[in-house]
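Number of protein chains: 2
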Amino acid sequence: MQTTTEDLRLVALAEFTAAGYSATSLQRIAELADVSKSSVLYHFSSKEDLLQAAVTPAVDRLAEILELLAGDFFTPERRTAFLAEFIDFLLIYRREVNIFINQGPSLFDVPVIERATILVRQLAEFFHSSTSTLEDRMRFAIALGGAAYMLCSQDSLGFPTPVDETRAALLSVLTELLAPVATLPSPVQE
Amino acid sequence: MQTTTEDLRLVALAEFTAAGYSATSLQRIAELADVSKSSVLYHFSSKEDLLQAAVTPAVDRLAEILELLAGDFFTPERRTAFLAEFIDFLLIYRREVNIFINQGPSLFDVPVIERATILVRQLAEFFHSSTSTLEDRMRFAIALGGAAYMLCSQDSLGFPTPVDETRAALLSVLTELLAPVATLPSPVQE
DNA sequence: TCAGAATCTGACCGATCGGTCAGGTTAGGC
DNA sequence: GCCTAACCTGACCGATCGGTCAGATTCTGA
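Residue numbers (this note's numbering), protein chains in the order written: chain A, 2 to 191; chain B, 2 to 191.
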């Protein structure tokens, strides 16, 4: 079990989330992991490489989830399944999502962030082409963005709630919010 | 008309929003405003002072809006009025809100950010004490957080839409989302 | 006209940044 | 025992950071 590399990854993930990427120095990461700054640069070739390692698993998972959108998303079963997957994704990777949401625009030149941006843009375009009214588009944006924001900021602002209850209530509210969206027969038309 | 000070404020606001506070150097602000770095520090005593000046108007406005919550928020008229005020606030000050949302936790030691954090916490506590179920609380969080996220990220992700349409659709969706929230007779009890 | 305030600048400061490098230490395979 | 590779470190580098300061320039009111 290689602990040091993974320790550094987790420490960096936490600090990048809490303090921001550019505000986090390699020196601080080294101190939190109780190694020298040189050791950090032994395990990761650069600070950007550390960011890459920290968020890549989350981006990989997001890419998997987006493939669920292929096919008949607009049956109620598929819609609920997607929402459940997305909520679980947010719950598991909320620190990585936090980094992307809060600092993504300023980290556009980092490959993995750029990849995540493309995925999110695909998601936005899918909903854009699948809906007919501005209200429907807004329902999607508020549902997904609101859920992401809520989970990301719950550490600093929210009131502690058991994960199971959070997931159930979130699924309920989002399903209800998206219920009025018109069911297009064939959303896959360019 | 003192243009330089206000120019610097606007340039700093835009850069702090786009690239992040700690990733924005005084040198860059100076170049964008076409003055020297020393001039920046003549008009603003420090980088933190510049951040302070950039976001203070938005925080002042937020404090005003929160006073609307005193009294009978849960009549439909008051609720709609609050939502309209809040949406307009987001539309006008979305760059400042972006800074607070995205970088607030890492800027907790800046007085004006701390003040904004207290205001947002007041808002959260009001909704927390005014609602009886987790679902209702989540409706508020998703509504306000989702709206804020949508407007903040529309520059980088969204599809351009006229402001009037955005406001109308947003008000419609949020009103609908909050409709199921139980109307408590007296939410002002500690 | 001219004194003084307001504005602006380049030179400079110590601190910290990300990153390099040579060398020390440790742990296994032969 | 010993060689090799993995692991770790302190010393050091150039660049950039936020900030200071003395002085040049411009503006303004008496």
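All C-beta atoms in this analysis are idealised placements derived from N, C-alpha and C, irrespective of residue type, glycine included.
Please say whether Ser107/B and Gly21/A have beta carbons closer to each other than 8 Å? Cβ distance < 8 Å, so Gly21/A and Ser107/B count as in contact.
Taking the alpha-carbon positions, what's the Leu63/B to Val98/B distance? Distance between the alpha carbons of Leu63/B and Val98/B: 10 Å.
Alpha carbon of Ser173/B to alpha carbon of Phe90/A, nearest angstrom: It is roughly 29 Å from the alpha-carbon of Ser173/B to the alpha-carbon of Phe90/A.
Output the distance between the C-alpha atoms of Val182/A and Asp165/B, rounded to the nearest integer angstrom. The straight-line gap from Cα to Cα measures roughly 22 Å.
Any C-beta of chain B sitting closer than 8 Å to the C-beta of Leu120/A? Not a single CB atom of chain B sits nearer than 8 Å to the CB of Leu120/A.
Apply the 10 Å Cβ neighbour rule to Thr25/B and answer buried if 16 or more other Cβ atoms are within range, or exposed otherwise. Buried.
Length of the line joining the Cα atoms of Gln190/A and His129/A: Confidence at Gln190/A is low in this model, with a pLDDT of 42, below 50, so the placement of that residue should be treated as unreliable; the coordinate-derived value is given next. Cα to Cα, Gln190/A sits roughly 12 Å from His129/A.
Asp8/A: beta carbon under 7 Å from a heavy atom of the ligand NAD? Absent from the structure shown: the ligand NAD. Ligands present: none.
For Pro1/B, report the span of its alpha helix (DSSP H) as first-last. Any answer about residue 1/B is impossible in this case: the structure gives chain B only from 2 up to 191.
For the alpha helix (DSSP H) that Leu27/B lies in, which residues bound it at each end? Per DSSP, Leu27/B is one residue of the alpha helix (DSSP H) stretching across Leu27 to Ala34.
If I measure Cβ to Cβ from Ile102/B and keep anything under 7 Å in the same chain, skipping five residues before and after, which residues do I get? Same-chain partners within the cutoff: Ala149 and Cys153.
To the nearest angstrom, how far is the alpha carbon of Leu179/B from that of Ala144/B? Whole-angstrom Cα-Cα distance: 8 Å.
Can you tell me whether Thr6/A is buried or exposed, with buried defined as 16 or more other CB within 10 angstroms of its CB? Within 10 angstroms of the beta-carbon of Thr6/A lie fewer than 16 other beta-carbons, which makes it exposed.
Please go through the segment 107 to 182 of chain A and give each complete beta strand (DSSP E) segment of 3 or more residues, from N-terminal end onward. The qualifying runs do not exist here; there are none.
Using the beta-carbon count (16 or more within 10 Å), is Phe45/B buried or exposed? Buried is the call here.
With H, G and I counted as helix, E and B as strand and the rest as coil, what does DSSP make of Phe87/A? Phe87/A carries a helical assignment under DSSP once its states are collapsed to helix, strand and coil.
Nearest CA to the CA of Arg10/B: which residue from Ala54/B, Ala170/B, Asp137/B and Ser133/B? Sorting Ala54/B, Ala170/B, Asp137/B and Ser133/B by C-alpha distance to the C-alpha of Arg10/B places Ala54/B at the top.
Beta-carbon proximity check, Gly147/A vs Ala142/B, cutoff 8 Å: In contact: Gly147/A and Ala142/B (Cβ atoms closer than 8 Å).
Any C-beta of chain B under 8 Å from that of Gln104/A: Yes, contact with chain B.
With respect to the alpha helix (DSSP H) encompassing Thr76/A, which residues constitute its N-terminal and C-terminal limits? Secondary structure note for Thr76/A: it is in no alpha helix (DSSP H), with a DSSP letter that is neither H nor E.
Could you work out which residues of chain B lie near Glu166/A, taking near to mean beta carbons separated by less than 8 Å? Neighbours of Glu166/A on chain B, chain order: Leu135.
Classification of Ile93/B by the beta-carbon crowding that lies within 10 angstroms, buried from 16 upward: Result: exposed.
Please confirm if Thr176/A has its CB atom under 8 Å from at least one CB of chain B. No, no contact with chain B.
For the putative contact between Leu175/B and Leu120/B, defined by C-beta atoms under 8 Å, what is the C-beta separation to the nearest angstrom? Actually they are not in contact, since the Cβ atoms of Leu175/B and Leu120/B sit about 20 Å apart, beyond 8 Å.
Under the assumption that Thr81/B contacts Leu135/A (Cβ atoms under 8 Å), give the Cβ distance between them as a whole number of angstroms. So it is not a contact: roughly 19 Å between Cβ atoms.
For a quick check, are the C-beta atoms of Ile100/B and Thr18/B less than 8 Å apart? Cβ atoms of Ile100/B and Thr18/B: closer than 8 Å.
Cα-Cα separation between Pro85/B and Glu65/B, rounded to whole angstroms: Looking at the sequence shown, residue 85/B is not Pro but Ala. Roughly 14 Å separates the two Cα atoms.
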